[in-house]
């Protein structure tokens with residue numbers, strides 16, 4: 025697949041490296057322009073390229089939103105219209121500012137993003153485990169002992185695509201439900217930071 029990143033900081037670069045290793049190609053963007061990303065793409069190799077955020081082509085299979093939550097409003101709400109998007113972001117009040125609806129769980133952070141990026145299809149994933157640990161935690165030998173990465177979304181077909189991508193990088197996907205009720209896999213949820221298999225993850229989520 026050809027995967028575009030909205031945001032190419034620590035999270036974006038770490039995931040891009042893993043996706044390339046699994047045989048995918050990536051397009052990196054950030055708010056500073058493509059020239060600022062040339063050192064990064066050079067390090068990642070020929071499967072990586074840089075682009076300006078508003079000049080992305082139509083040949084992309086999916087997008088990864090990998091920016092701080094407080095940077096979302098700087099993006100055009102139509103930027104991801106008709107696109108498949110993995111939301112790898114987390115809302116942290118101390119960093120992103122107090123948003124009462126999120127703090128009080130009136131709406132999940134991913135549902136808020138889906139409402140903002142109208143016409144997009146969103147699956148939340150890659151936000152509960154520090155991405156710096158993913159490469160070391162990957163298991164290509166025994167799928168039954170793999171660490172689980174929870175996903176949440178409303179589109180079954182897209183969830184299956186994300187699950188396959190997770191499988192490619194050495195983990196098992198765990199379906200945590202829809203976007204509306206994805207509070208459990210947010211940063212203030214019960215599994216944030218946990219590196220456990222599907223069985224243990226299920227126990228934590230259903231306590």
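Residue numbers (this note's numbering): 25 to 231. Just so it is clear, CB atoms sit at the ideal spot from N, CA and C, and this is done for glycine as well.
Taking a cut-off of 8 Å on C-beta distances, the stretch 142-153 touches the stretch 100-110, as three or more cross pairs fall below it.
Judged by their CB atoms, residue 85 and residue 25 are nearer to each other than the 7 Å cut-off. With a 10 Å radius around the Cβ and a threshold of 16 neighbouring Cβ atoms, residue 33 comes out exposed. For residue 38, the enclosing alpha helix (DSSP H) begins and ends at 34-45. Contact between the stretch 203-219 and the stretch 108-116 is established, with three or more Cβ pairs separated by less than 8 Å.
Following the DSSP letters along the chain, one finds residue 197 inside the beta strand (DSSP E) bounded by residues 196-199.
Between residue 226 and residue 148, the C-beta spacing is not below 7 Å. Ranked by how close their Cα comes to the Cα of residue 95, the residues 43, 140 and 124 have 140 in first place.
Apart from the 5 residues on each side of it in sequence, residue 97 has no Cβ closer than 7 Å to any other Cβ in its chain.
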